[in-house]
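Residue numbers (the working numbering): 2 to 669.
Each residue gets a CB set at the ideal place from its N, CA and C atoms; glycine is no exception.
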């Protein structure tokens with residue numbers, strides 16, 4: 002899935018801020034040398050603490066220093082240990098506030114405006130990170146954000162090679178028009194409903210990073226116990242320098258195999274590379290649009306030179322011309338017949354440039370593009386139809402094979418979130434695990450689509466890992482299933498990595514202390530970041546209200562339970578039908594999204610109808626059906642089975658045929 006992987010990975014940049022490395026260094030050393038009493042970054046003004054549980058308050062000071070903590074008129078005393086660490090435990094609290102927390106050692110700290118309520122970790126990749134200001138109706142939502150009991154803190158992006166004790170500086174912010182635009186949109190709408198229906202403060206700890214893989218959010222100990230990861234964990238680099246050395250050696254060997262006989266040229270491209278007559282016959286091919294990481298160059302950042310030859314007749318060459326390349330990840334420098342005609346940076350910006358009259362010629366022409374990628378996916382991406390040379394009323398397609406060669410790579414590639422497993426677990430999760438929370442909102446998976454079958458094991462592994470580290474076996478996980486994405490016309494009924502990832506999420510959500518939000522009806526075929534975050538947040542809150550607080554709310558859509566073969570048709574039974582099953586849409590809208598197969602295993606579109614709380618599926622092309630699939634495609638937006646409460650049915654399959662992603666395994 003080139004587009005999906007590219008977009009899903011785009012907000013991941015292979016960079017690390019110096020402050021993050023300084024923080025990692027400090028947290029790895031004895032903090033007794035810091036002298037004055039310190040609190041972790043999460044214990045700051047406007048914080049929200051979890052109600053109903055003892056609250057640990059901890060920090061650092063000089064070894065042997067006396068520390069007092071005053072909270073709601075009671076004082077708690079302790080002495081730091083030999084490493085300068087200290088902790089007291091406040092008794093469980095009812096919801097309320099605001100309060101002041103005072104900590105005294107050789108200095109005094111006062112944490113103001115502290116509330117007690119419901120605290121949730123909001124984790125995952127870009128759809129969790131997606132800000133309220135950019136969502137549907139975001140401007141109105143931000144302007145109306147007068148909810149001082151809803152608080153949000155964004156955990157700073159950082160990576161670490163070993164578990165950190167604290168995060169870099171972060172600020173809790175109350176929901177008001179000055180702050181709310183930066184909140185996670187999904188988390189904000191979740192909190193709105195939760196605060197309204199429970200009447201308690203809600204704290205949102207937003208630890209998310211766009212484009213990240215699940216493996217980077219999972220600890221070394223957890224992965225080491227899994228057969229797929231054990232060997233990798235045993236030989237994991239333990240420093241940036243070691244990672245960089247290994248990575249440079251691997252990429253050098255990779256490029257040498259991919260373009261034999263074509264050495265890297267460093268900062269300067271080969272002489273005359275954009276000339277019409279430059280000899281590129283030894284250059285390999287890359288398909289465009291298509292991300293090069295998926296065409297034999299995994300993990301490559303740097304500059305790739307690409308050339309496309311086309312032949313024009315005299316009429317075409319004389320026509321007004323526009324060069325359209327759709328999108329280039331990240332930057333391009335574009336030449337036509339050795340003349341520079343454009344160049345810009347921006348992975349999601351369409352490239353269109355009017356060509357000067359007389360530049361094109363009858364006969365051979367060459368379009369040459371130097372593509373520079375700084376992290377994540379690299380190369381052309383987008384709609385093949387949008388890659389063309391427009392010549393008046395006609396156009397010549399530029400989609401297809403381009404000659405390509407790698408020019409150069411960064412000398413010292415920086416460390417990114419996905420470069421190794423555990424990096425975000427160490428830096429952005431471990432520091433949170435001493436803070437009591439009610440549960441986790443998990444919105445991630447787009448970056449794992451290509452190895453969806455493995456995700457069916459990795460997601461439960463990560464969930465168990467987080468529960469162990471919080472020392473809370475019942476830590477509740479709300480899992481957001483991936484939304485509909487990619488062109489409907491490209492759907493395949495027999496194989497779908499996106500459907501397999503959604504099913505892996507369904508399986509994890511069927512485990513104890515978990516729930517699933519289905520979003521197949523609020524996706525966007527053209528954008529992996531659907532902007533309707535209100536519906537997603539509302540559904541997440543419904544799960545929590547039902548499962549954790551026993552509220553009589555409809556929290557789940559229809560879920561397939563069993564099937565019976567009745568001659569030439571199959572009858573399906575469902576759980577969570579509520580007041581009954583319906584087809585989403587206007588009255589009379591037919592039920593869609595079902596496929597049926599016989600012994601051949603070849604699935605065909607099926608007719609389906611609702612009878613009471615059951616669905617009957619058949620096809621004139623399948624006389625002896627054996628299996629049904631529903632919404633089992635990359636983009637299931639046409640699948641329209643819901644209950645009367647409007648909650649969409651969970652995509653499913655009744656067969657156990659091998660998965661398309663069964664052989665794909667994680668490799669950094």
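Contact check, residue i vs residue j under 8 angstroms by CB: the rounded distance?
i           : j           : result
residue 487 : residue 349 : Going by Cβ atoms, the distance from residue 487 to residue 349 rounds to 16 angstroms, so no, they are not a contact pair.
residue 256 : residue 265 : 7 angstroms
residue 60  : residue 40  : 4 angstroms
residue 93  : residue 54  : 5 angstroms
residue 362 : residue 396 : The pair is not a contact, with the Cβ atoms about 18 angstroms apart (cut-off 8 angstroms).
residue 182 : residue 134 : 3 angstroms
residue 671 : residue 449 : The displayed coordinates of the chain run from 2 to 669. Any statement about residue 671 would go beyond what the structure contains.
For residue i, which of helix, strand or coil comes out of DSSP?
i           : result
residue 550 : coil
residue 577 : coil
residue 208 : strand
residue 537 : helix
residue 518 : strand
residue 230 : coil
residue 64  : coil
residue 141 : helix
residue 162 : coil
residue 448 : helix
residue 641 : coil
residue 185 : strand
residue 22  : Confidence at residue 22 is low in this model, with a pLDDT of 37, below 50, so its placement is unreliable and the value that follows should be read with caution. Residue 22 falls in the helix class under three-state DSSP.
residue 133 : helix
residue 274 : coil
residue 127 : helix
residue 267 : coil
residue 336 : strand
residue 327 : strand
residue 666 : coil
residue 116 : strand
residue 215 : helix
residue 39  : strand
residue 627 : coil
residue 291 : coil
residue 243 : helix
residue 508 : helix
Out of the options, point me to the one whose CA is closest to residue i's CA.
i           : options               : result
residue 615 : 581, 357 and 518      : 581
residue 429 : 115, 120, 125 and 100 : 125
residue 632 : 72, 593 and 574       : 593
residue 122 : 369, 405 and 476      : 476
residue 550 : 198, 95 and 128       : 198
residue 463 : 37, 184, 230 and 169  : 230
residue 192 : 183, 182, 184 and 203 : 203
residue 575 : 116, 596 and 563      : 563
residue 297 : 358, 100, 407 and 340 : 407
residue 554 : 566, 535 and 579      : 579
residue 1   : 556, 613, 603 and 84  : Lying outside 2 to 669, the shown extent of the chain, residue 1 is not represented and no answer is given.
residue 415 : 249, 520, 460 and 307 : 249
residue 365 : 87, 309, 47 and 341   : 309
If you measure between the beta carbons of residue i and residue j, is that distance less than 8 angstroms?
i           : j           : result
residue 439 : residue 51  : yes
residue 483 : residue 499 : yes
residue 380 : residue 287 : yes
residue 132 : residue 186 : yes
residue 481 : residue 537 : yes
residue 641 : residue 586 : yes
residue 270 : residue 400 : no
residue 356 : residue 325 : no
residue 176 : residue 45  : no
residue 305 : residue 405 : yes
residue 277 : residue 329 : no
residue 95  : residue 155 : no
residue 441 : residue 467 : yes
residue 109 : residue 419 : no
residue 398 : residue 336 : no
residue 338 : residue 360 : yes
residue 205 : residue 152 : yes
residue 384 : residue 333 : no
Tell me whether residue i counts as near the ligand GDP, meaning its Cβ is closer than 7 angstroms to at least one heavy atom of that ligand.
i           : result
residue 611 : The ligand GDP is not part of the structure shown, which contains no ligands of any sort.
**Asked** In chain order, which beta strand (DSSP E) runs of at least 3 residues are fully inside the segment 370-440?
**Response** 380-382, 388-392, 395-398 and 401-409
**Request:** Enumerate, from N- to C-terminal direction, the unbroken beta strand (DSSP E) stretches of 3 or more residues contained entirely within the segment 457-499.
**Result:** 477-481
**Asked** Counting only runs that start and end within the segment 340-375, where is the beta strand (DSSP E) found for 3 or more residues in a row?
**Response** 340-346, 351-355 and 364-374
**Asked** Which runs of the beta strand (DSSP E) spanning at least 3 residues fall entirely within the segment 65-104, listed in chain order?
**Response** 67-72, 75-80 and 86-91
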